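Student: Dropping the structure in here first, questions after.
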Amino acid sequence: MKTQKYHHGNLEKALLSAGIREAKATGSKNLGVNSLAKVVNVSPMAVYRHFSSGEVLRASISQQAREELARRMIKAISVETTVKNRFRATGRTYIQFALKEPGLFAVAFVACDEGPKREDNPSAWVVFHDSILDLCNAGLIEANEVESVAAFAWSTVHGFATLVAGNDPKRPKANQNAVESLLDRVWFGIVKGREVAK
2 MKTQKYHHGN LEKALLSAGI REAKATGSKN LGVNSLAKVV NVSPMAVYRH FSSGEVLRAS
62 ISQQAREELA RRMIKAISVE TTVKNRFRAT GRTYIQFALK EPGLFAVAFV ACDEGPKRED
122 NPSAWVVFHD SILDLCNAGL IEANEVESVA AFAWSTVHGF ATLVAGNDPK RPKANQNAVE
182 SLLDRVWFGI VKGREVAK
């Protein structure tokens with residue numbers, strides 16, 4: 002196989018870019034060292050100069066997908082002016098990401114035996130968790146409720162997103178009304194009558 006020469010650092014970027022393209026097209030099916038080395042026209046050994054293992058490579062591609070989700074969440078909440086609308090925009094964007102980018106969504110949360118080489122930046126979890134802290138700062142939940150509310154909201158939205166992005170014939174409807182109804186139920190389940198004009 003004729004291999005391509007890359008300047009230092011360019012191969013890592015090329016592999017991650019190829020991984021994201023493959024993720025968009027086929028989910029987590031073709032994220033192995035051999036598959037991606039072939040895509041970028043290098044030997045598998047060249048991959049290991051930048052990633053210590055295939056699992057680190059896969060985890061790094063997963064990270065790229067999560068960071069794309071985070072960027073979309075940040076963009077969505079940046080135009081909102083209330084705590085409630087920012088919270089809803091976070092959940093809505095999460096679900097929309099699963100629907101519009103099912104391959105990336107699946108890869109973003111794929112199980113990996115090893116982690117990526119750095120922390121997520123931006124972090125979808127931090128963006129989401131900050132929206133829960135905003136509820137606390139607005140007096141809508143107590144400080145000791147933050148983690149349990151975060152678990153409730155994330156598991157509900159993530160579960161819904163996973164189901165609607167799947168192919169089960171009994172999966173929930175994914176139209177706008179269904180999404181907004183879910184967000185309503187999550188919101189009212191959290192604030193429990195403590196909603197104020199924020």
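Using the working numbering, read the sequence shown as starting at 2 and increasing by one per residue. C-beta atoms are modelled at their ideal positions from N, C-alpha and C, and glycine is treated no differently. All figures in this text were calculated on a predicted structure; none of them were measured in a lab.
On the three-state DSSP scale, how would you describe leucine 183?
Tutor: Looking at leucine 183 - three-state DSSP - the assignment turns out to be helix.
Student: Can you say whether histidine 177 is buried or exposed, counting buried as having 16 or more other CB atoms within 10 angstroms of its CB?
Tutor: The sequence given here has glutamine at residue 177, not histidine. That one is exposed.
Student: Taking just the CA atoms, how far does alanine 19 sit from proline 170?
Tutor: Taking the straight line joining both Cα atoms gives about 32 Å.
Student: What's the C-alpha gap between valine 80 and methionine 74?
Tutor: Between valine 80 and methionine 74, the C-alpha separation is close to 11 Å.
Student: Which word fits lysine 14, buried or exposed, when buried means at least 16 other C-beta atoms lie within 10 angstroms of its C-beta?
Tutor: So lysine 14 ends up on the exposed side.
Student: What first and last residue would you give for the alpha helix (DSSP H) that runs through phenylalanine 222?
Tutor: Any question about residue 222 goes unanswered here, given that the chain covers just 2 to 199.
Student: When the Cα atoms are used, what is the spatial distance from histidine 51 to arginine 72?
Tutor: Looking at the two C-alpha atoms, the distance is approximately 25 Å.
Student: Give me, in chain order, the residues of the same chain whose beta-carbon lies closer than 8 Å to that of leucine 208; leave out the 5 immediate sequence neighbours on both sides.
Tutor: In the structure displayed, the chain extends from 2 to 199; residue 208 sits before or after that span and is not available.
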